[in-house]
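> Below you will find the structure I want to go over with you.
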Amino acid sequence: MAAPLFLQDLYIYPVKSLGGIRVAQAELEPRGLRHDRRWLLVDEHNRFMTQRQMPEMALLRVAPAHNGFLLTHARRPDLLPLYIPFAATPERTLFVTIWDDMVFAWRGAREADEWLSEALGRSSKLVYMSDMVCRDVEPELNPEGHLVSFADGYPFLLIGQSSLDELNSRLAEPVLMDRFRPNLVFSGGKAFSEDTWEHFQVGELPFRAVRACGRCVMTTVDQRTAQKNPAGEPLRTLATYRSQGSKVMFGQNVTGPSRGLLRTGDPVQVQSLK
Numbered sequence: 001m002a003a004p005l006f007l008q009d010l011y012i013y014p015v016k017s018l019g020g021i022r023v024a025q026a027e028l029e030p031r032g033l034r035h036d037r038r039w040l041l042v043d044e045h046n047r048f049m050t051q052r053q054m055p056e057m058a059l060l061r062v063a064p065a066h067n068g069f070l071l072t073h074a075r076r077p078d079l080l081p082l083y084i085p086f087a088a089t090p091e092r093t094l095f096v097t098i099w100d101d102m103v104f105a106w107r108g109a110r111e112a113d114e115w116l117s118e119a120l121g122r123s124s125k126l127v128y129m130s131d132m133v134c135r136d137v138e139p140e141l142n143p144e145g146h147l148v149s150f151a152d153g154y155p156f157l158l159i160g161q162s163s164l165d166e167l168n169s170r171l172a173e174p175v176l177m178d179r180f181r182p183n184l185v186f187s188g189g190k191a192f193s194e195d196t197w198e199h200f201q202v203g204e205l206p207f208r209a210v211r212a213c214g215r216c217v218m219t220t221v222d223q224r225t226a227q228k229n230p231a232g233e234p235l236r237t238l239a240t241y242r243s244q245g246s247k248v249m250f251g252q253n254v255t256g257p258s259r260g261l262l263r264t265g266d267p268v269q270v271q272s273l274k
């Protein structure tokens, strides 16, 4: 008998491309998990910033705090922790660009911009996506009209622990799950079984695996040191057996309900396959 599937880990990333927080439970909202990627760093041109161009962003660690979270720099003890609330106020707004989307955003506090600019050594602004912003998931794959936060394209990313274990069996130096920044990690099942899923439930909540997630150079950044792997691992190894066209696939982009509660340990049930 196959081992039962269950939700092993839940992660939120309050600021896109900065450190994540493992949580025991998470509320669902129309754009994904509550507090997930609602904040974003933008440059002097109001374009989004990620570890793809600035791997040193991995050194900015995120920890939970009362009604918000704290940012610290792993190598700059001289920088006092920066408190950021879960939401901004609409005192200052601007338009920002993320991929091909342009949306309006609320500015964070000026002291946050100053702290981040000092921490990263370049002009940086912190912005927040309000509930009034409608950023759609890819319309051709989104008949339900789901929304997304400042995540790359989908409200949830799902990965099986067995998939990471299988990848690590091929690597000289195993990597951690944080290279792939999932929201939902499940245990049980064979490696890459999530590739075949379409409709599934976590607890009583329905989800849909829409398409595989194409991975980028960010997976080569060690989240502890902010150093890129000189051999391009694990992306190089993944490319030998997980390529589809010009993309390297790992994990599933997922849509789901706009309300509910997920808890680690919730059972996962596959209802239909692609």
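In UniProt numbering, the protein residues as written are 1 to 274. No residue lacks a Cβ here, since even glycine has one placed at the ideal position from N, Cα and C.
#1: Note down, one range per segment and in chain order, each beta strand (DSSP E) of at least 3 residues found wholly within the UniProt domain "MOSC" (130 to 271).
#2: Consult DSSP for residue 43 and reduce its assignment to one of helix, strand or coil.
#3: Determine the DSSP secondary structure at residue 115, reduced to helix, strand or coil.
#4: Does the separation of the CB atoms of residue 164 and residue 175 fall below 9 Å?
#5: Starting from residue 94 and walking both ways along the beta strand (DSSP E), at which residues does that stretch end?
#6: For residue 63, write down the residues that DSSP places opposite it in a beta bridge.
#7: Quick one: is residue 91 buried, meaning 16 or more other Cβ sit within 10 Å of its Cβ, or exposed?
#8: Near residue 99, what residues of its chain come up, given a Cβ to Cβ distance below 8 Å and the 5 sequence neighbours on each side ignored?
#9: Using a Cβ cut-off of 9 Å (strictly closer), state whether residue 209 contacts chain C.
#10: Tell me the DSSP secondary structure of residue 5 in three-state form.
#11: Is it true that the CB of residue 242 sits closer than 9 Å to the CB of residue 249?
#12: Taking the alpha-carbon positions, what's the residue 197 to residue 115 distance?
#13: Among the residues of its own chain, which have a CB less than 6 Å from the CB of residue 199, if the five just before and after it don't count?
#14: Is the beta carbon of residue 15 closer than 9 Å to that of residue 37?
#15: If you draw a straight line from the alpha carbon of residue 41 to that of residue 127, how long is it in whole angstroms?
#16: Taking the alpha-carbon positions, what's the residue 275 to residue 148 distance?
#17: How would you call residue 189, buried or exposed, if buried means at least 16 neighbouring beta carbons within 10 angstroms?
#18: Starting from residue 26, follow the beta strand (DSSP E) in both directions and report where the run begins and ends.
#19: Does DSSP put residue 120 in a helix, in a strand, or in coil?
#20: Should residue 29 be labelled buried (16 or more other beta-carbon atoms within 10 Å of its own) or exposed?
#21: Roughly how far, in whole angstroms, is the beta-carbon of residue 168 from the beta-carbon of residue 97, given that I think they are within contact range, below 8 Å?
#22: From which residue to which residue does the beta strand (DSSP E) around residue 277 run?
#23: Could you tell me which of 212, 135, 122, 267 sits nearest to residue 56, measuring between CA atoms?
#24: If you follow the beta strand (DSSP E) that residue 107 is part of, which residue opens it and which one closes it?
#25: Thinking C-alpha only, which one of 62, 142, 160, 155 is nearest residue 23?
#26: Could you please give me the residues that DSSP links to residue 33 through a beta bridge?
#27: Can you give the beta carbon distance from residue 160 to residue 186, rounded, assuming they're within the 8 Å contact cut?
Concretely, from the data shown:
#1: 156 to 160, 184 to 187, 197 to 202, 205 to 215, 247 to 255, 260 to 263
#2: coil
#3: helix
#4: yes
#5: 93 to 98
#6: 70
#7: exposed
#8: 48, 152, 153
#9: Protein chain content of the structure displayed is limited to a single chain, and chain C is not contained in it.
#10: strand
#11: yes
#12: 43 Å
#13: 208, 271, 272
#14: yes
#15: 6 Å
#16: What the structure shows of the chain is the stretch from 1 to 274, and residue 275 is not part of that stretch, so it cannot be assessed.
#17: buried
#18: 25 to 29
#19: helix
#20: buried
#21: That belief does not hold up - the Cβ atoms of residue 168 and residue 97 are roughly 36 Å apart, past 8 Å.
#22: In this structure the chain extends from 1 to 274, so residue 277 is not present and cannot be described.
#23: 122
#24: 101 to 107
#25: 62
#26: 28
#27: 5 Å
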